[in-house]
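Numbering (my numbering), first residue to last: 132 to 386.
This report concerns only the one structure given below.
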């Protein structure tokens, strides 16, 4: 049964054009609090564009985005971040020359400043922010590498570091863009378990290519194709959807 609660995030007739290309076409979606909802689709389906719209990277041509009932459609990305909507990126965004711990500390300080400027006054003591950073390194199983340069981490560890950097921002809504890309099967399995655990306390939107991960941990799955929602439901419903099967040419069942 569908939840009757007010969704934490609601997209209404959302549309985005790039020149003559319609990247997102009249998308209507709602996301319930503390659920893990995945967005899948072939390359070019509009998944990352959707994340960019939600996080204020650029505005839609039409439609609205509501977060906890507030219209955030045209807010700058910094104001959206202040509302505790946080994302990771497909391309690694760590500081490679700094230690793992320093990366997470910088992310924590970004959340707890009086302004968006890096020179804004901290609203919590540095020691307290370091403790928060250490807590999330432990959660992400990176504590033993806290003093290592981030650029020297294995690829899977870099992706986990990005998640730690997002979590210290204390998100209510966490957008994960391809968090298991490039990971070994073991790393993928471990990261999938971690993401599922996180969804008990944080609403998560997940863009992911690994169908085993998607079907194993999602509460709900949305399928995008050419910027349009073609299916939205529980994992089992999506697996059995003929239109989805034809688009993926059996990828969901074959892998």
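For glycine and all other residues, C-beta sits at the position ideal for the given N, C-alpha and C.
If you're wondering where the values come from, they're calculated on a predicted model, not measured in any experiment.
Of all the options the options, which has the alpha carbon lying nearest to the alpha carbon of residue i?
i, options, result
"residue 269", "291, 286, 280 and 377", "291"
"residue 261", "271, 240 and 272", "240"
"residue 193", "356, 156, 364 and 311", "156"
"residue 138", "277, 167 and 294", "167"
"residue 136", "147, 162 and 151", "162"
"residue 259", "275, 271 and 237", "237"
"residue 312", "305, 322 and 365", "322"
"residue 209", "187, 225, 220 and 224", "187"
"residue 183", "364, 305 and 350", "305"
"residue 164", "271, 303 and 230", "303"
"residue 150", "171, 256 and 191", "191"
Who are the Cβ neighbours of residue i in its own chain at under 8 Å, not counting the five residues just before and after it?
i, result
"residue 315", "287"
Grab me the residues of residue i's own chain with a C-beta within less than 7 Å of its C-beta, minus the 5 sequence neighbours each way, in chain order.
i, result
"residue 282", "227 and 228"
"residue 357", "176"
"residue 369", "352, 354, 362 and 375"
"residue 242", "299, 300 and 301"
Sorted by chain position, which residues of the same chain lie with C-beta nearer than 6 Å to residue i's C-beta, five sequence neighbours on each side aside?
i, result
"residue 158", "142, 145 and 360"
"residue 346", "366"
"residue 325", "none"
"residue 293", "219"
Using the Cβ count rule (16 or more neighbours within 10 Å means buried), how would you classify residue i?
i, result
"residue 205", "exposed"
"residue 377", "exposed"
"residue 278", "exposed"
"residue 372", "buried"
"residue 342", "buried"
"residue 385", "Because the pLDDT of residue 385 is 46, which lies under 50, any placement of that residue in the model is unreliable, and the question is left without a value."
"residue 332", "exposed"
"residue 201", "exposed"
"residue 212", "buried"
"residue 152", "exposed"
"residue 297", "buried"
If we ignore side chains and look at the alpha-carbon of each, how far apart do residue i and residue j end up?
i, j, result
"residue 160", "residue 308", "18 Å"
"residue 140", "residue 215", "12 Å"
"residue 329", "residue 337", "12 Å"
"residue 320", "residue 334", "20 Å"
"residue 207", "residue 199", "17 Å"
"residue 379", "residue 174", "11 Å"
"residue 265", "residue 218", "20 Å"
"residue 274", "residue 235", "11 Å"
"residue 196", "residue 180", "14 Å"
"residue 154", "residue 233", "37 Å"
"residue 148", "residue 340", "24 Å"
"residue 230", "residue 276", "9 Å"
"residue 170", "residue 257", "37 Å"
"residue 203", "residue 284", "36 Å"
Name the one or two DSSP bridge partners that residue i has.
i, result
"residue 326", "The partner list for residue 326 (beta bridge, DSSP) is empty, contrary to what the question assumes."
"residue 197", "141 and 202"
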